[in-house]
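Novice: Under this note's numbering, the first residue of the sequence shown carries the number 288, and numbering increases by one thereafter.
Ideal placement from N, C-alpha and C gives every residue a C-beta, glycine not left out.
Take this structure, written in structure tokens, and hold onto it; I'll ask about it next.
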Amino acid sequence: MSKEKLVVIKEANITNNCPECFNQDMKITFKQKHKYGKLYDRTTSEVTHTIRCNKCDSIIYPVNWTEDIERIFNYYQKMVTPEKSIIRFTPLFYILLVSLLAVIGLGLYLWLSGIIQF
């Protein structure tokens, strides 16, 4: 079973008015999804975003965005450069791969030398 983790790739303070409390202290965060398993670590291309007010601690959903918030969001969205989608294998994968190749090689050697017959 693989674990999923959201890794922050861009975070910025914005000074637009909060639609809930009208304070000018908000933060926009872009996160990228990473999956971690026993045999591999995978970086996905999925990027999520949140806009949160620092005073009332509420999440500002796109339904409540003003035109200014939408402009700022589009600006920061263009600035975000996510990591490439890639799979990295863990040492356990390489140990299992080498072990499997060794067992196959040993079986093939024993079969070709005539010690084992099928």
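1. Is the beta carbon of residue 303 sitting closer than 8 angstroms to the one on residue 337?
2. So, using beta-carbon positions, are residue 403 and residue 397 closer together than 8 angstroms?
3. In whole angstroms, what is the alpha-carbon distance linking residue 309 and residue 359?
4. From residue 345 to residue 371, what does the alpha carbon distance come to, in whole angstroms?
5. Grab the span of the beta strand (DSSP E) containing residue 355 for me, first residue to last.
Specialist: Here's the rundown:
1. No; because the gap between Cβ atoms is not below 8 angstroms, this pair is not in contact.
2. yes
3. 16 angstroms
4. For residue 345 and residue 371, the gap between their C-alpha atoms comes out near 31 angstroms.
5. Segment 354 to 366 is the alpha helix (DSSP H) holding residue 355; no beta strand (DSSP E) there.
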